[in-house]
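Have a look at the structure below before the remarks.
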Amino acid sequence: MLAESSTTYDGDGYLAEDPEQPPRCVALRTTGLDGSPGAGQACEVVRDQCVRVPDGAACEAWRRHARQAESRWRFAHPDNAERRRDEYQRLARIVADTGCGG
11 MLAESSTTYD GDGYLAEDPE QPPRCVALRT TGLDGSPGAG QACEVVRDQC VRVPDGAACE
71 AWRRHARQAE SRWRFAHPDN AERRRDEYQR LARIVADTGC GG
């Protein structure tokens, strides 16, 4: 399975499975004509930038992604634990099925 290394508008990185990430609305600070804060709401639509992870680095990227998912599951709020577990198990299968388990 291909992996995409994606970067958010503010420089955070993550592994994505799809090179086309949906746009997000990032809140902007607004001021009134007199300079007072909070005069309205506005946002800037941004898109994360993604590039394909090179073949030689893909296994490590998937293993890291699975470890992060496992951590999110193990420390999840009970309301989210089942969903987080399912996501971890899905990623663990990807790692195992692609021969990246080592």
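Under my numbering, the residues of the sequence shown are numbered 11 to 112, in order.
Cβ coordinates follow ideal geometry from the N, Cα and C atoms, glycine included.
Given the structure is predicted, the values throughout are model-derived calculations rather than measurements.
Quick check: what's the CA-CA separation for cysteine 53 versus histidine 75?
30 Å
So that I know if they touch, is there some Cβ in chain D lying closer than 8 Å to that of aspartate 58?
Going by chain labels, chain D is absent from the structure shown, which holds only one protein chain.
To the nearest whole angstrom, what separates the beta carbons of valine 61 and alanine 13, a pair I think is in contact under 8 Å?
Incorrect: roughly 10 Å between the Cβ atoms, too far for contact.
So, at 6 Å on beta carbons, what are the nonlocal neighbours of proline 29 in its own chain, with the 5 sequence-adjacent residues on each side left out?
Glu14, Cys60
What are the boundary residues of the alpha helix (DSSP H) that includes valine 105?
91 to 107
If contacts are defined as beta-carbon pairs under 8 Å, then glutamate 92 and alanine 79 qualify, I think. What distance do you get, rounded to the angstrom?
About 13 Å; that fails the 8 Å criterion.
If you count every other CB in all the chains shown that lies within 10 Å of the CB of leucine 25, and 16 or more means buried, which is it?
By the Cβ-count criterion, leucine 25 is buried, with 16 or more other Cβ atoms from all chains shown falling within 10 Å of its own Cβ.
Please state if the CB of threonine 108 and the CB of tryptophan 72 are separated by a distance shorter than 8 Å.
yes
Thinking C-alpha only, which one of Pro88, Arg95, Gln51, Thr41 is nearest cysteine 35?
Gln51
What residues in its chain sit with their C-beta under 7 Å from that of threonine 41, if we drop five residues either side in the sequence?
Pro47, Ala49
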